[in-house]
Structures are given as structure tokens and as C-alpha cells.
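Residue 18 is where the sequence shown starts when you use my numbering, and the numbers rise one by one after that. Please read the structure below before turning to the comments.
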Amino acid sequence: MIGALILLVSYLAARLMAGQLSRPLVNLARVAETISLTGRPEEFPIDLVGNDEITQLATSFQTMSQRLRESYETLEDRVEERTIQLEDEINERRQAEAAIREEKEQWERTFDAIPDLVAIIDVENGILKANREMSRRLGLEISELVGQKCYHIFHHENQPCSDCPFLLLKQDFLPHEAEIYEPTLKAHLQVNVSPVFDEQAVLKSCVHIVRDISEKKRFQSRILALNALKEKLLSITDLQTSFQEITTAVVSLLEADFARIWLIQPGDQCDSGCFHAATSEGPHQCIDRQHCLHLQASSGRYTNLQGNHARVPFGCYKIGRIAAGQEPKLISNEVTTDPRIHDHQWATELGLKSFAGYRLLSEQGEALGVLALFSAHLIGPEEEALLESIVNTTSQIILNDKAKQAASDAARRVQKVLDNIDALVYIADPVSYEILLANKNVQEEFGCVEGGVCWQTLQQGQNGPCAFCNANKLFDNDNSDGDQTAVWQSQNTRNGKWYEHRDTLIDWVDGHRVRLQIATDITKRKETELQLEHYAATQKTLLREVNHRVKNTLTSLVGMLEMEGDRPEAEHVPGYLAFLLELKSRIQALSTVHSILSASEWQPVPLDELCREVINGTLLALSPQGAITVCVDPSPVQIASMSAHHLALVINELVTNTIKHAVPHSDTELTIRVTIDPEVNGSIAMSYRDNGPGYPEAVLYGKGQVGKLGMEILYGIIGSTLQGEVHLENDQGAVTRFNLMNY
């Protein structure tokens, strides 16, 4: 029992010791196993106390585990951070790859959506890539195009074409363009090539773009043909021929089945078998006999201008509806079903698909007629544009023809008027000098001159416009606002006659400015003028001779009077010398005025100048004692030669009175003043004054002294010859006022 107890105690002690020794090892084993399985160290408790090797081992292992755990946590954080970064990078790469795929798909969609034939071609002319349009037009899959030579695919050739723009690109590395016609595609093509370089600027490939310009070329050819038609129409003067050219061109340009032109004119067959006039009801009935559509031209399938369509009533059928404005423009691409088209069966039998009808209009929008066509082809926007142009041209031709007819009518009326003018009258272009119209007098004098150049047909020996002609100046100065007229005279170099020319610019019947010249025969008048000029020259010579002789005579009379005064006997006759002196002054006054009138060729002379010269001449003749100042106020009044002599005598007498009566009795310097008032009611008022003692009362109130020649001359000349009145007064000297009615 004791032994068993001892054994039990020993066993328990052994078990206890074994547990104390093995538990740390078990824990170490467990931790090591955890690290090896999870790679993550875990914290474990140390339940040993002591300093034996097991405890030290456990402690060291625990420290190592702690450090591993800390390193693991740091590494785990770094791994987690890097994992996040990698996820971001992966997401970015995925997004970039998605964007690249999207861009690639977008580029390919765009590349394939281009309506032109586009290819990328390498330097050896091999096709690297092609779009769907190229595949469709060439009838090959894209995979069949790639790797093929472009010249083989496009032109069925074994080498590049000589005019290939890619050959030029390889030489200068610049973009090039070319237009070619490709028989394999039956199309006109515009080829553009542009270089593609790598990073080292080495030519890698080219972008090859081919555009089908067949429609453009077709439209251009139509435009050229249309322009040629318009140019041709300019040279055609007959309206009917112009219409036929137009309908023929419509059939050709638009590939129409037939085309026609109608004009609106008065009804002319209403009582002579017109189909519509004979119809009393239904859609064919004519409801307006004042005017209808007359067929003028027809080209294509139908060329006959007779039949039921030769006349179309307003409002009847599509043509009449168009003319009446019910259908200003009618275009249909379904003529076999369109209710506006009258005969569907006929259109079906002929295979017609379209109809187009247009009103021909004036500038004011009034209907002139209709142009229409039927076609087996559809009418698109391009055809409509061409038709609009042709319709406008046709309308203009009609208007031009009407204008020509109106101009012709106006020219005939003008011709009739000009033929009734008793002068040479013609109308010419102011720039080309072409004679547009001449009256019968011109035709009779110079022959048929219309269409000729005026300086060639109306003159002779001329190499250009006449030097004496003023028409060019008239044209240069024309402001188109008023009637400017140039008038001149010249002698014609063909018939030797003299003419007075009157030129003016007028608006001609066609609207442009022309020169109207009226040349009046003045040969007889010119001869008379020459005779008068000769007579005037002779008279002038005679007058000059008479003036000279009169002047000499007056001078001789003055000299004779001076000689008479120098005779000894003259001093013994009372008053004789004074008489001679007065007579000398009167003759001197007449000589003075005669000199003035001779210088003016006996034309009216300034009145102030006459007064001044007569006063100074009288003072010179009488030689008074002391200085006398003469003041004559300026005046614009002129006096005729017949009155000048009489007024000179009046002024002379007044100056003589001043010298005789004022000079001896004046203590101051004497002044003579003459004033001339402007004309009032046909009369000139004058005043003569001096600052002497004034008139005696006997003179003032007795109207002069009987027997005094000076006063008799004064009153006689003014009252009778000059038809005036005299008034004497004193106002700080003697004042003589008088007026002149006859001057």
C-alpha cells in the first residue's frame, strides 16, 4: 500500500515534472507550427519561472515571435498599400485599354463612314488598310484588298500609272492631287495623296483618298453647255429660232423626252377650228377667248407645232393652270399616278417618270408663257437649278424681243418726227460715234449713213473725231440730271456748207445715253455775216478816220481861238477875250468827250469817268487862279454816246460858272464835288456843288439872267435834250441838282 502510494506519488511527481518540462516545448511547437502554416506569428504566454535552459529558450522564442509579429504587421501594411496601388494601376490600365479600344473602334467607324474611297498605302504601293466604301465600289472584301498593289486593284495594271500622284509624292514628299477618268469604275475621280512619316521623318506610307466627281463633272459640263446656249442666243435675232434652240438644249442637257414653249397671245383660232373653242363643256373647254397659250417650239419626241396642243386655254390642263398661276411651278416625279397629269396611260406607255413646268415671267411678275418637259428620268435639285436658269434666260429673251419691238416702234416714231424737222438731224453713240438714226435731210445730203461713223460718213479727210466737235466735252460733263446743250458752228468738209450744230444727250429707246445733233444750214447767214463783218470793218475804218478828223478839227478850232485871242485887237473889244475863252472851254469839253467815246468805239461810257474827264479838261482850258480839288463819287451808271456830248456841255458850263464866280470870291481852297445817285424809276439824279459864295438871289429866283449863254445852255440841254429838270440852291456853296431821263 505504502509502496503503491509511493509509486503513485512518484508517478504524479513525475507527471508534474514532465508537464512543467513539456508544456513550454509544446507551446513553442504550437507557435512554430502556426507560423509555418499561416506565416503570421502569434503571441503566447510564458508559464515558466526560473532560469533553466527551457525557460531561456521559451523566452528567446517569445522575443523572436514578438519581433516577427511586428515585422509581419509592418510588412502587411506595406503589402496592403502596394496592393491598393496595384489595383489603381490595374484600373488605370484597364481604362486606358478601354479608351484605346474605343478610339480604335471610333477611328475604324469614322474610317469606314467616309463616303470617299480611302486607303493607307505603303511605299511599295501595297494597300495596308482600306475603308468599306473602297471595298463596296471595288466589289472586294477588305481582307482581299490588304496586301494588293493599288495600281492592280484600281487600274488592273502591273505597274503604277505615269500620272499617278503617289509617284510625285515619293519625289518631293508633298501632298498631291490629280483628276482622272477610270474606265474600270466608269467614273471621273479626284485622287489626293498625303505623306505619313515615322519618328525619324522617313516616308512610311501615304493616305490615298479617291473621290467620285462624276456628278460634279456632269454638272460642270451642263453648265458649260448652258453658257454656250446663252452665248449662242445672243447672236440670234429671231425669237422663234431662239425658242427652238432652247427646247433642243433642254432635251439634250436634261435628257428629256420632249420639251415645249408656249407664249401668251390673243386668241386667233377661236372661229377657225380650235379644238378647245369648239368644246362646250368638260376639262378641254376654253373659258377665256381674250388670250391663250400659243405653241412656239417643240423638240424631242414631238416636233409638230400643230394639233390640239397648238393652243392651250388658260386654266386648262397643267399648262393652262401654270400660265394662270394656279400652279406657278409644277414638278412631279410620279407622272403615271399624279392626279395633275391628264393622261396616265400615255405616260406609262412611253415610260415617262417626271414632268416639269415653269411660268415665264416679266420683271413685274406678269406671265409671258410656259416652258415644260416630260422625261424618263427623275428630276432632282440639280435639274431644277438648271431649269430655273433656262427659264430665266427664256424670259429675258422674250423681254428683250419685246424691248426691241418697242424700240423699233419708238425709232419709227422718232424717225417720223425728225423727218419733219427742217435741218440735218441724226442720233449717234457718244462713244463709238456710230450713227443710229438720221432724218431724210441727212440721207438726201450725204446718202445712207446709218450704221456708219459720223466723222467718216459726214466729213472727208478725217482720221478721227472732228477737232471742232464739242460732243465729247458734252458727254464728259454729263450729269444725267439736266439738258446740257453744246452749240458751235463749222464748215462741212464734204459739201462746203456752214452749219450751226446743237448737240445734247438724250435717253435712247434702249435706255442708254445717245447724242442728238441738229445741224442747221447757215451758209447764207454766214455769207451775210461775212459781208457784215467786212462792212463793219470798213465802217470801223471810216469811223476811226472820222474820229481822227473830228479830233483834229476840234483841236484846230481850239488853236484858232487861241490865235484869235492873241491878236492885239482882241484886247480892245470888251468881253471878247472872255467869250473866246468860254468858247474854247466848250470846244475842249466836246473834244474830251469825243476822245472818250472814240476809245470805247461809241459804246456807253461810265458817267463818273465822263464827269471827271470833262471837269479836268475845262480846268485845264480855263487855267483858273489857285488850286481846285475835284471829287466825283464812283457810280456804276453808264451814259450813251448821244447824251454824253450834251452832258459834257452842261458840266463844262457848271465848271465855268465856278471859275468865273466862285474862284474870285473864295477865301478857302475851292472844291468841286459831283454825286450820281442810282437809277430810280428810269431817272438818274446828279448834283454839282462847290464851296464858293453860292448863287446870287437873282439867279436862284429868276432862273438865270436873260442873255446869259451859260444858263441858257444849262436849262436848255437838261430840259429839252436830256428830258430832266434843274434845281439851284445854296448849301455851304452853290448847289446844282438835276436829273436825266434820256441818258
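For glycine and all other residues, C-beta sits at the position ideal for the given N, C-alpha and C.
Run the CB neighbour count on residue i, radius 10 Å, all protein chains shown included, and call it buried at 16 or more, exposed below.
i    : result
P330 : buried
R333 : What sits at residue 333 in the sequence shown is Cys, not Arg. Result: buried.
M81  : exposed
D285 : exposed
A503 : buried
L38  : Here L38 scores only 49 on pLDDT, less than 50, and its place in the model should not be relied on; the value that follows carries that caveat. L38 should be labelled exposed.
G724 : Low per-residue confidence applies at G724: pLDDT is 42, beneath 50, and the placement is therefore not dependable enough to give any value.
V448 : exposed
G499 : Reliability fails at G499, whose pLDDT of 48 lies under 50, so the model's placement of it is uncertain and the value that follows must be treated cautiously. Counting Cβ neighbours within 10 Å, G499 comes out exposed, since fewer than 16 surround it.
F260 : buried
C181 : buried
F755 : buried
F463 : buried
S77  : exposed
W124 : exposed
L271 : buried
S737 : exposed
V520 : It is Asp, not Val, that sits at residue 520 in the sequence shown. With 16 or more other Cβ atoms within 10 Å, it is buried.
C465 : exposed
W363 : exposed
E141 : exposed
Out of the options, which has the shortest C-alpha to C-alpha gap to residue i?
i    : options                   : result
L369 : D694, V431 and A393       : A393
V387 : H311, V752, Q188 and S449 : H311
A389 : L636, A276 and L184       : A276
H518 : G528, S379 and Q534       : Q534
C309 : G481, R338 and I131       : R338
P651 : E630, E150 and D625       : D625
I278 : I240, L322 and C648       : L322
S700 : Y718, E742 and A661       : E742
A204 : G634, M151 and S231       : S231
L385 : N437, R357, P398 and I415 : I415
T688 : V752, W363 and A218       : V752
E686 : N698, Q642 and A665       : Q642
V434 : P713, V208, K419 and A455 : A455
I138 : L220, R126, Y198 and R153 : L220
D694 : L639, L637 and M758       : M758
G14  : E451, P482 and G478       : The structure shown does not extend to residue 14, since the chain is modelled only from 18 to 760, so the question has no answer here.
A420 : V526, T353 and F372       : V526
A195 : L186, N512 and D439       : L186
Q343 : Q237, G750 and G374       : G374
P713 : P132, A679 and I144       : A679
S683 : L664, G711, V697 and M659 : G711
A218 : L243, A242 and L191       : L191
P398 : W515, F236, A423 and N633 : F236
Y718 : G733, L739 and N747       : N747
R153 : K166, E174, I131 and E141 : I131
Just list the residues that DSSP pairs residue i with in beta bridges.
i    : result
W279 : L312 and V387
E194 : N209
A445 : I452 and R532
Q655 : P623
R519 : V504 and I535
V96  : None, per the DSSP bridge assignment.
I170 : Paired residues: none, contrary to the question.
S160 : Answer is none; S160 lacks a bridge partner.
F755 : M703 and V743
E199 : A204
C223 : I138 and P212
If contacts are defined as beta-carbon pairs under 8 Å, then residue i and residue j qualify, I think. What distance do you get, rounded to the angstrom?
i    : j    : result
V691 : I656 : With 8 Å as the limit, V691 and I656 do not qualify as a contact, their Cβ atoms being about 13 Å apart.
A136 : K146 : 7 Å
C178 : H172 : 6 Å
T10  : S316 : Shown here, the chain extends from 18 to 760; a query on residue 10 therefore has no answer.
I396 : N350 : 6 Å
L206 : D418 : Contact flag wrong, Cβ pair sits at about 45 Å.
V667 : L731 : 6 Å
V210 : H225 : 5 Å
L162 : I144 : 5 Å
D274 : R318 : 5 Å
(message) Contact between the stretch 391-407 and the stretch 427-447 is defined here as three or more beta-carbon pairs at a separation below 8 Å; is this criterion met?
(response) With the cut-off at 8 Å, the stretch 391-407 and the stretch 427-447 do not touch.
(message) Using 8 Å as the cut-off, can you tell me whether the stretch 665-680 makes contact with the stretch 689-708, which would need three or more C-beta pairs spanning the two stretches below that distance?
(response) Contact between the stretch 665-680 and the stretch 689-708 is present, because at least three Cβ pairs lie under 8 Å.
(message) Below 8 Å, how does it come out for the stretch 244-253 and the stretch 375-387: are there three or more Cβ pairs, yes or no?
(response) Touching, no.
(request) Spell out a yes or no on whether the stretch 504-511 and the stretch 469-487 are touching, meaning 3 or more CB-CB pairs, one atom from each, closer than 8 Å. (result) By the Cβ rule, the stretch 504-511 counts as touching the stretch 469-487, because three or more pairs are nearer than 8 Å.
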